[in-house]
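**Student:**
Here you go:
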């Protein structure tokens with residue numbers, strides 16, 4: 001199997017075999033597991049085949065693919081090389097040990113792809129009369145953020161926006177929990193103040209998940225240009241969002257899930273899913289796939 | 290602070306200070322982090338204050354509480370001791386180092402409680418005309434199982450039943466993800482065959498989450514005595530469940546969530562939440578908290 005893969009790879013001039021742990025490109029790649037590394041280099045790394053293919057198929061600009069031809073399948077390599085014909089990037093082939101030092105966590109399917117960091121400007125988010133935004137403030141766990149992106153993808157949301165970020169769309173665990181959907185999803189990062197201004201200026205009907213809110217989530221009207229807003233795992237939404245509730249000239253409501261048991265809240269990504277699917281149900285999912 | 294806590298603790302005769310790592314009870318307790326240890330001893334351990342208090346307030350039979358009076362608050366200890374007045378169990382106080390070797394993962398709030406393993410017999414699950422069961426087959430990740438229990442608690446479900454288990458209700462990560470709700474929730478473990486027989490014999494209206502099913506989840510009728518059935522994270526439901534679908538004399542339907550994006554499925558605990566809240570919405574949540 002391995003010789004097959006190498007036969008397949010080696011004739012391609014774009015594949016560069018690197019075996020030295022001192023190679024600067026590999027050192028740089030290994031640093032992309034941390035937010036410090038990502039910020040310093042203005043690049044992000046995507047670990048795993050499914051996530052990498054979704055990223056390569058998006059608008060994100062690839063820099064290089066790092067493969068371990070001893071691990072990954074020739075089918076996966078062929079897919080990467082097919083994309084390479086349209087988007088120029090290099091392919092580096094690493095021995096197993098060096099690959100394992102470069103990858104994140106237990107991802108062992110032999111593919112890492114590196115991209116220029118995609119922009120996440122609030123101004124890039126489009127609004128129409130039928131937009132459906134999902135906004136999260138200060139979510140801490142990248143797995144929760146990625147799960148919310150996965151749900152937003154599933155319901156066909158227009159964007160995911162993070163206010164006052166505590167984690168990164170491009171944290172490896174966020175990318176993974178999103179199954180790579182984070183690349184195709186329009187997304188933005190801004191301060192809570194900027195997001196509140198943006199909602200107000202665009203007159204977006206805003207449903208804020210608040211423990212103890214009067215309105216049950218299914219009683220809200222999710223038609224039109226809407227945003228669902230969720231807060232931090234432990235603290236919920238911060239004070240400025242409560243002030244927004246008082247602007248009665250805007251269509252803003254606090255909503256909550258009924259809680260019939262011992263616990264007074266659900267996980268933020270679970271709450272997001274229930275709210276997003278209720279929005280989709282009301283907005284008409286009979287025509288959906 | 291520490292001397293306050295000790296003043297508070299030491300006069301109580303039921304608190305036993307243990308400082309030797311060779312103490313057999315502490316060695317046994319440390320083994321409860323593994324399923325092998327839990328099975329061998331017929332006991333389970335609960336890590337953390339919130340989860341322990343929920344377990345102590347349930348019908349589960351406590352054996353002992355292990356505290357680290359250097360770490361946990363006197364308020365938490367007072368709560369445990371208040372419960373101890375009604376339910377006899379011992380309290381062992383460990384120094385920090387020994388406590389950390391006995392606890393699971395990063396739980397550092399200084400309380401472990403140990404219980405006789407609660408029974409999980411299918412025959413213990415009650416059925417009425419308005420029961421609402423949540424059934425999961427072969428879920429692998431204890432965090433997913435616990436999250437499903439948390440959701441089942443939130444919607445006031447009658448039970449959570451695991452068919453052909455691959456993980457344990459009492460895995461520390463399951464207890465934690467359930468926030469301790471797993472103790473109050475009626476629960477059972479059985480083979481898929483037994484669960485299918487039970488559903489059939491009790492004529493329970495069964496909605497099975499199946500990728501590609503014809504019926505969209507909100508088109509199903511969740512009234513009456515119902516079960517929502519979810520499959521394994523990767524494989525979905527096994528073949529016997531598909532055969533059940535063909536028994537047209539029973540009210541059994543395959544349902545699915547609409548997927549409008551790149552991905553063809555959601556996480557099993559997310560799917561459970563969307564289905565459970567749709568059931569609750571249809572069953573009437575206007576009177577709920």
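Protein chains in written order, with the working numbering: chain A, 1 to 289; chain B, 290 to 578.
Where is the CB? At the ideal position from N, CA and C, for every residue including glycine.
#1: Under 8 Å Cβ-Cβ, which residues of chain B neighbour residue 300 of chain A?
#2: For residue 171 of chain A, is the classification buried or exposed, using 16 other Cβ atoms within 10 angstroms of its Cβ as the cut-off for buried?
#3: In or out: residue 176 of chain A buried (at least 16 other Cβ within 10 Å) or exposed?
#4: Starting from residue 382 of chain B and walking both ways along the alpha helix (DSSP H), at which residues does that stretch end?
#5: Using three-state DSSP, classify residue 542 of chain B as helix, strand or coil.
#6: Given a limit of 9 Å on CB to CB distance, which residues of the stretch 504–528 of chain B reach chain A?
#7: Tell whether a beta-carbon distance below 9 Å holds between residue 89 of chain A and residue 64 of chain A.
#8: Starting from residue 426 of chain B, trace the alpha helix (DSSP H) both ways and give me its first and last residue.
#9: Output, in chain order, the set of chain B residues within a Cβ distance shorter than 7 Å of residue 156 of chain A.
#10: Can you tell me which of B:443, B:555, B:499 puts its alpha carbon nearest to the alpha carbon of residue 621 of chain B?
#11: Quick check: what's the CA-CA separation for residue 363 of chain B versus residue 348 of chain B?
#12: Residue 563 of chain B versus chain A: which residues are under 8 Å apart at the beta carbon?
#13: How many Å lie between residue 516 of chain B and residue 502 of chain B at the Cα?
#14: Tell me the rounded alpha-carbon separation between residue 120 of chain A and residue 79 of chain A.
#15: With DSSP as the reference, identify every bridge partner of residue 47 of chain A, one or two as the case may be.
#16: Could one say the Cβ of residue 280 of chain A lies closer than 9 Å to chain B's Cβ atoms, at least one of them?
#17: Taking the alpha carbon of residue 184 of chain A as the reference point, which residue from A:206, A:267, A:31, A:159 has its own alpha carbon closest?
#18: Could you check the C-alpha separation between residue 253 of chain A and residue 134 of chain A for me, to the nearest Å?
#19: Give the interface partners of residue 343 of chain B over in chain A, defined as CB-CB distance under 8 Å, in chain order.
#20: Have a look at residue 401 of chain B and residue 321 of chain B and give me their C-alpha separation to the nearest angstrom.
#21: Which residues in chain A sit within 7 Å of residue 442 of chain B, going by Cβ to Cβ distance?
#22: Measuring alpha carbon to alpha carbon, tell me which of A:20, A:37, A:122, A:98 ends up nearest residue 194 of chain A.
#23: When the Cα atoms are used, what is the spatial distance from residue 115 of chain A to residue 87 of chain A?
#24: So within the stretch 157–225 of chain A, which uninterrupted beta strand (DSSP E) runs reach at least 3 residues, ignoring any that extend past its ends?
#25: Answer yes if the stretch 519–537 of chain B comes into contact with the stretch 429–442 of chain B, meaning at least three C-beta pairs across the two stretches below 8 Å, and no otherwise.
#26: Output the distance between the C-alpha atoms of residue 529 of chain B and residue 495 of chain B, rounded to the nearest integer angstrom.
#27: Any idea what DSSP makes of residue 354 of chain B, helix, strand or coil?
#28: Measuring only the C-alpha atoms, how far is residue 152 of chain A from residue 209 of chain A?
#29: Are residue 406 of chain B and residue 333 of chain B closer than 9 Å when you measure CB to CB?
#30: With respect to the alpha helix (DSSP H) encompassing residue 57 of chain A, which residues constitute its N-terminal and C-terminal limits?
#31: Go ahead and label residue 128 of chain A buried or exposed: buried means 16 or more other beta carbons lie within 10 angstroms of its beta carbon, across all protein chains shown.
#32: Identify the contact partners of residue 144 of chain A in chain B, using a Cβ-Cβ distance below 8 Å as the criterion.
#33: Check the C-beta distance from residue 505 of chain B over to residue 545 of chain B and give it rounded, since I have them as a contact under 8 Å.
#34: If residue 137 of chain A and residue 163 of chain A are in contact, beta carbons under 8 Å, what's the gap, nearest whole angstrom?
#35: Use the C-beta contact count for residue 284 of chain A: other C-beta atoms within 10 angstroms, 16 or more gives buried, fewer gives exposed.
#36: With a Cβ-Cβ cutoff of 9 Å, do residue 533 of chain B and residue 539 of chain B count as a contact?
**Tutor:** Reading it off the structure:
#1: Chain A is shown only over 1 to 289; residue 300 of chain A falls outside these bounds and no answer can be derived.
#2: In the first chain, the residue the question calls residue 171 of chain A occupies position 171. Residue 171 of chain A should be labelled buried.
#3: Locating residue 176 of chain A in the first chain gives position 176, counting from the first residue. Buried is the call here.
#4: Residue mapping note: residue 382 of chain B aligns to position 93 of the second chain, counting from 1. It is not in any alpha helix (DSSP H) - residue 382 of chain B instead sits in the beta strand (DSSP E) that spans 379–382.
#5: As a working mapping, residue 542 of chain B is identified with position 253 in the second chain. Three-state result, residue 542 of chain B: strand.
#6: Here the close residues are 505, 506, 507, 508.
#7: Within the first chain, the letter at position 89 stands for residue 89 of chain A. Within the first chain, the letter at position 64 stands for residue 64 of chain A. Yes.
#8: One-based indexing of the second chain puts residue 426 of chain B at position 137. Run containing residue 426 of chain B: none in the alpha helix (DSSP H); it sits in the beta strand (DSSP E), 421–426.
#9: For the purposes of this step, residue 156 of chain A is taken as residue 156 along the first chain, with counting starting at 1. Taking a Cβ-Cβ cut-off of 7 Å, the neighbours of residue 156 of chain A in chain B comprise 549, 550, given in sequence order.
#10: No answer is possible for residue 621 of chain B: the residues shown for chain B start at 290 and end at 578.
#11: As a working mapping, residue 363 of chain B is identified with position 74 in the second chain. As a working mapping, residue 348 of chain B is identified with position 59 in the second chain. Distance between the alpha carbons of residue 363 of chain B and residue 348 of chain B: 25 Å.
#12: Position 274 of the second chain holds residue 563 of chain B. Against residue 563 of chain B, the close residues of chain A are 273, 274, 277, in the order they occur along the chain (beta-carbon pairs closer than 8 Å).
#13: Residue 516 of chain B sits at position 227 when you count from the first residue of the second chain. Residue 502 of chain B sits at position 213 when you count from the first residue of the second chain. So the alpha carbons of these two residues sit roughly 17 Å apart.
#14: Stepping through the first chain from its first residue, residue 120 of chain A is reached at position 120. Stepping through the first chain from its first residue, residue 79 of chain A is reached at position 79. Pairing residue 120 of chain A with residue 79 of chain A, the inter-Cα distance amounts to about 28 Å.
#15: Stepping through the first chain from its first residue, residue 47 of chain A is reached at position 47. A:112, per the DSSP bridge assignment.
#16: In the first chain, counting from the first residue as 1, residue 280 of chain A sits at position 280. Judged by the 9 Å Cβ criterion, residue 280 of chain A is in contact with chain B.
#17: Residue mapping note: residue 184 of chain A aligns to position 184 of the first chain, counting from 1. Shortest Cα-Cα distance from residue 184 of chain A to any of A:206, A:267, A:31, A:159 involves A:159.
#18: Position 253 of the first chain, counting from 1, holds the residue named residue 253 of chain A. Position 134 of the first chain, counting from 1, holds the residue named residue 134 of chain A. Looking at the backbone, the Cα of residue 253 of chain A and that of residue 134 of chain A are separated by about 15 Å.
#19: Residue numbering aside, residue 343 of chain B sits at position 54 when the second chain is read from its first letter. Close to residue 343 of chain B, with beta-carbon spacing below 8 Å, are these residues of chain A in chain order: 262.
#20: In the second chain, counting from the first residue as 1, residue 401 of chain B sits at position 112. In the second chain, counting from the first residue as 1, residue 321 of chain B sits at position 32. The alpha-carbon atoms of residue 401 of chain B and residue 321 of chain B are separated by roughly 11 Å.
#21: To locate residue 442 of chain B, count along the second chain from 1; it is residue 153. Listed by position along chain A, the residues whose Cβ is nearer than 7 Å to that of residue 442 of chain B are 261, 262, 263.
#22: Along the first chain, read from residue 1 onward, the residue named residue 194 of chain A stands at position 194. For the residues A:20, A:37, A:122, A:98, the minimum Cα distance to residue 194 of chain A belongs to A:122.
#23: The residue given as residue 115 of chain A occupies position 115 in the first chain. The residue given as residue 87 of chain A occupies position 87 in the first chain. Residue 115 of chain A and residue 87 of chain A have their C-alpha atoms roughly 12 Å apart.
#24: Annotation note: the stretch 157–225 of chain A contains the following uninterrupted beta strand (DSSP E) runs of length 3 or greater, listed N- to C-terminal: 159–163, 187–190, 205–209.
#25: With the cut-off at 8 Å, the stretch 429–442 of chain B and the stretch 519–537 of chain B touch.
#26: If you number the second chain from 1, residue 529 of chain B lands on position 240. If you number the second chain from 1, residue 495 of chain B lands on position 206. Rounded to the nearest angstrom, the two C-alpha atoms are 14 Å apart.
#27: Taking the first residue of the second chain as 1, we reach residue 354 of chain B at position 65. Residue state, collapsed to three classes: strand.
#28: On the first chain, residue 152 of chain A is found 152 positions in, with the first residue counted as 1. On the first chain, residue 209 of chain A is found 209 positions in, with the first residue counted as 1. If I take the Cα positions, the gap works out to 16 Å.
#29: By 1-based counting over the second chain, the position of residue 406 of chain B is 117. By 1-based counting over the second chain, the position of residue 333 of chain B is 44. In contact: residue 406 of chain B and residue 333 of chain B (Cβ atoms closer than 9 Å).
#30: Taking the first residue of the first chain as 1, we reach residue 57 of chain A at position 57. Counting along the chain, residue 57 of chain A falls outside any alpha helix (DSSP H), and DSSP gives it neither H nor E.
#31: For this step, residue 128 of chain A is matched to residue 128 along the first chain. The residue in question, residue 128 of chain A, is exposed, as its Cβ has fewer than 16 Cβ neighbours within 10 Å.
#32: Mapped onto the first chain, residue 144 of chain A falls at position 144. What residue 144 of chain A touches in chain B: nothing, since even the nearest Cβ is about 11 Å away.
#33: Numbered from 1 along the second chain, position 216 holds the residue referred to as residue 505 of chain B. Numbered from 1 along the second chain, position 256 holds the residue referred to as residue 545 of chain B. That pair is a contact at about 7 Å.
#34: Position 137 of the first chain, counted from the first residue, corresponds to residue 137 of chain A. Position 163 of the first chain, counted from the first residue, corresponds to residue 163 of chain A. With a Cβ gap of about 4 Å, residue 137 of chain A and residue 163 of chain A count as contacting.
#35: Locating residue 284 of chain A in the first chain gives position 284, where the first residue counts as 1. By the neighbour-count rule (16 or more Cβ atoms within 10 Å), residue 284 of chain A is not buried but exposed.
#36: Walking along the second chain from the start, residue 533 of chain B turns up at place 244. Walking along the second chain from the start, residue 539 of chain B turns up at place 250. In this structure, residue 533 of chain B lies near residue 539 of chain B, with their beta-carbon atoms less than 9 Å apart.
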